[in-house]
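The opening position of the sequence shown corresponds to residue 1409 in this note's numbering, with each subsequent residue numbered one higher. Cβ atoms here follow ideal geometry from the backbone N, Cα and C, with glycine treated the same way.
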Amino acid sequence: MVLCIGPKGSGKTLLIRKIQNPLDVDETTSTVPTMGTNISNLLVGDKLYEIRELGGGIAPIWSKYFQNVGKVMFVIDTSNLCQISEAGVLLYTVLVHPLLQRAKFLLVLSKMDHSYRQMRNEALLMLQMKRLQKEIKQKMTIVEASAITGEGREEILKWITEN
Ligand SMILES: Nc1nc2c(ncn2[C@@H]2O[C@H](COP(=O)(O)OP(=O)(O)OP(=O)(O)O)[C@@H](O)[C@H]2O)c(=O)[nH]1
Ligand SMILES: [Mg+2]
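Here you go:
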């Protein structure tokens, strides 16, 4: 099971839709905040993958869903650096959870169509990613993405489907 988490409005639902079907999403597509959790199926070749989004609104109970999770996509809104410290606190809490010590992590810098390159660097600095990557047990991959342009889609698909 792939878990998709991140603060409210960071772009999880739209990104999952874009990954499922790139033609389904453009700048006119709208979403509603995920109340609780939502499971999406992803068919790649003849293999079916399940992605479970946990809405940012239920962050206090995310850990109820950490059983049997092999991969975690953590989505951060790169265009909203005001939210970055909240994102950081949530990310650190998830990384130290005992059930996720063997999970693989993908840090998704979302909404890149709406961000400057410098904001991506700033986000990584504010999260202290360089230091964090050395200190954690988990393997953390970083990808820049946009649900609007489809940037990062191939990389995310590759990460989901690889062992
Ligand atoms: N410009 C731009 N806007 C985006 C992108 N992804 C999402 N949005 C917008 O951001 C808002 C929130 O997107 P959602 O995908 O619903 O966010 P979420 O992370 O699922 O939020 P919760 O379910 O509340 O946790 C919506 O208005 C989206 O249209 C993106 O890549 N680029
Ligand atoms: Mg959502």
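Round the Cβ separation of D1485 and S1418 to the nearest angstrom and send it over; I've been treating them as touching at under 8 Å.
-> The residue labelled residue 1485 in the question sits at position 77 within the sequence shown. The residue labelled residue 1418 in the question sits at position 10 within the sequence shown. Yes, they are in contact, since the Cβ atoms of D1485 and S1418 sit about 4 Å apart, within 8 Å.
Confirm the yes/no value for this check: CB of V1452, any heavy atom of ligand 1, distance under 8 Å.
-> Translated into positions along the sequence shown, residue 1452 becomes position 44. No; taking the cut-off as 8 Å, the Cβ of V1452 has no heavy atom of ligand 1 nearer than that.
Looking at C-beta atoms only, is the number of pairs between the region 1561-1571 and the region 1526-1542 that lie closer than 8 Å three or more?
-> no
Could you tell me if the beta carbon of S1471 falls within a distance shorter than 8 Å of some heavy atom in ligand 1?
-> In the sequence shown, counting from the first residue as 1, residue 1471 sits at position 63. Every heavy atom of ligand 1 is 8 Å or more from the Cβ of S1471, so no.
Confirm the yes/no value for this check: CB of I1556, any heavy atom of ligand 1, distance under 8 Å.
-> Against the sequence shown, residue 1556 aligns to sequence position 148. Indeed, a heavy atom of ligand 1 lies less than 8 Å from the Cβ.
Residue range of the unbroken beta strand (DSSP E) whose run includes R1510 | In the sequence shown, the residue the question calls residue 1510 occupies position 102. No beta strand (DSSP E) holds R1510; DSSP gives it neither H nor E.
L1535 (DSSP reduced to helix, strand or coil) = Reading the sequence shown from its first residue, position 127 is the one you call residue 1535. Looking at L1535 - three-state DSSP - the assignment turns out to be coil, as it is neither helix nor strand.
From which residue to which residue does the alpha helix (DSSP H) around K1479 run?
-> Mapped onto the sequence shown, residue 1479 falls at position 71. Not the alpha helix (DSSP H): K1479 falls in the beta strand (DSSP E), residues K1479 to D1485.
Measure the beta-carbon distance from G1444 to G1463 and round it to whole angstroms, keeping in mind my assumption that it falls under 8 Å.
-> In the sequence shown, the residue the question calls residue 1444 occupies position 36. In the sequence shown, the residue the question calls residue 1463 occupies position 55. Their Cβ separation, rounded to whole angstroms, is 6 Å, which keeps G1444 and G1463 in contact under 8 Å.
Does the beta carbon of S1448 fall short of 8 Å from some heavy atom of ligand 1?
-> Within the sequence shown, the letter at position 40 stands for residue 1448. No, since every heavy atom of ligand 1 falls outside the 8 Å radius drawn around the Cβ of S1448.
For I1424, which three-state DSSP category applies?
-> Numbered from 1 along the sequence shown, position 16 holds the residue referred to as residue 1424. DSSP places I1424 in helix when its eight states are reduced to three.
What are the start and end residues of the beta strand (DSSP E) that includes Y1457?
-> The residue you call residue 1457 lines up with position 49 of the sequence shown. K1455 to L1462 is the span of the beta strand (DSSP E), which, as asked, contains Y1457.
Quick one, which of V1551, W1567 and R1425 has its alpha-carbon nearest M1520's?
-> Along the sequence shown, read from residue 1 onward, the residue named residue 1520 stands at position 112. Minimum Cα distance to M1520 is reached at V1551.
Rounded straight-line distance, which links the Cα of V1433 to that of Q1577 = Given that the chain is displayed from residue 1409 to residue 1571, the structure contains no residue 1577 and the question cannot be resolved.
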